[in-house]
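Everything on this sheet refers to the single structure shown next.
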Amino acid sequence: MSHEYKKRRNKLSRLIGRDSIAILPTSSIKMRSRDTDYPFRANSDFYYFTGFSEPEALMILAPGRPEGEFVLLVRPKDPLKEIWDGYMEGISGAKRNYLADEAFKIEDVDSILSTMFHNRQKVFYTLGNDENYDKSVVNAFNQIRANQRRGGVVPTEIISLEPLIHEMRLIKSREEIRLMKKSAKISVEAHYRVMDECNDGVFEYQIDAANLNTNLGNTELSLRIIDRSFWSKCLTYITLKTRVN
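Plus 3 on top of the position in the sequence shown (first one is 1) and you've got this note's numbering.
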């Protein structure tokens, strides 16, 4: 898939132009209780261009940049944290396995953005999804504009990146179609499994477990199915405690 992600990045680079820079963070971790988190899922748009599925990561795309156009900011390797949370790619892994031209620590995001905004007229970034990244982008934007007297090109506007990305994602590549067919096949298998479990006296959560078992046995869950008893008038509730009869 590496070539697929690279093709997408190259297309986005052409769309924004050599005078621009694109910034795209992944999703943030959501706490479940105290020191446990909900299962992490990468931001779909971020994953579309990188294939990188770890939290606390950000993609920068800077067309024509001499040091390389594709930059990833990621968590640095931490052996102690890996004991609890699992393997982390780190800076070297981001370059080796995800073909980043350069990679930096995510905690350096403020200084990296301030540097990379130089000689860019447009900043493509979608505000409103993550307060912390919003602050970093806006601060870097304002800082470089305040120093405009020193000369050079500075950005004049922040433009939402989502319209460009979502227009791109409307047209599926052969690889995407292959993956969508595979996902549909898994969903069909899950539905058959659920139908087999739909017996008198079975609870909704038991039916849901059959669905989860089939889907998560293939690494991810694409969509929760609606497995509700006759008396459950609301299809979207999530308690799943009613007995099927």
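The beta-carbon is built from N, C-alpha and C at its ideal position, and this holds for glycine as well.
At what residue ranges does the stretch 88-159 contain a whole run of the beta strand (DSSP E), taking only runs of 3 or more?
-> 105-108, 125-127
Between the Cα of residue 22 and the Cα atoms of 76, 123, 62, which residue gives the shortest distance?
-> Looking at the Cα atoms, 123 is the closest of the given residues.
Roughly how many angstroms separate the alpha carbons of residue 171 and residue 20, rounded to a whole number?
-> 15 Å
Should residue 83 go down as buried or exposed, given a rule of 16 or more other Cβ atoms within 10 Å for buried?
-> exposed
Extent of the continuous beta strand (DSSP E) run through residue 23 | 23-28
Going by DSSP, what residues sit across from residue 73 in a beta bridge?
-> 64
Extent of the continuous alpha helix (DSSP H) run through residue 181 = 177-200
Would you tell me roughly how many angstroms separate the C-alpha atoms of residue 66 and residue 34, rounded to the nearest one?
-> 36 Å
Would you kindly work out how many angstroms separate the C-alpha atoms of residue 131 and residue 141, rounded to a whole number?
-> 12 Å
Determine the extent of the alpha helix (DSSP H) in which residue 17 is found, giving its start and end residues.
-> 5-19
For residue 97, count neighbouring Cβ atoms within 10 angstroms of its own Cβ and tell me buried if that reaches 16, exposed if not.
-> The residue in question, residue 97, is buried, as its Cβ has 16 or more Cβ neighbours within 10 Å.
With a CB to CB cut of under 6 Å and the five nearest residues on each side skipped, what residues in its chain are close to residue 90?
-> No residues qualify anywhere along the chain.
Where does residue 161 sit, in a helix, a strand or coil, going by DSSP?
-> strand
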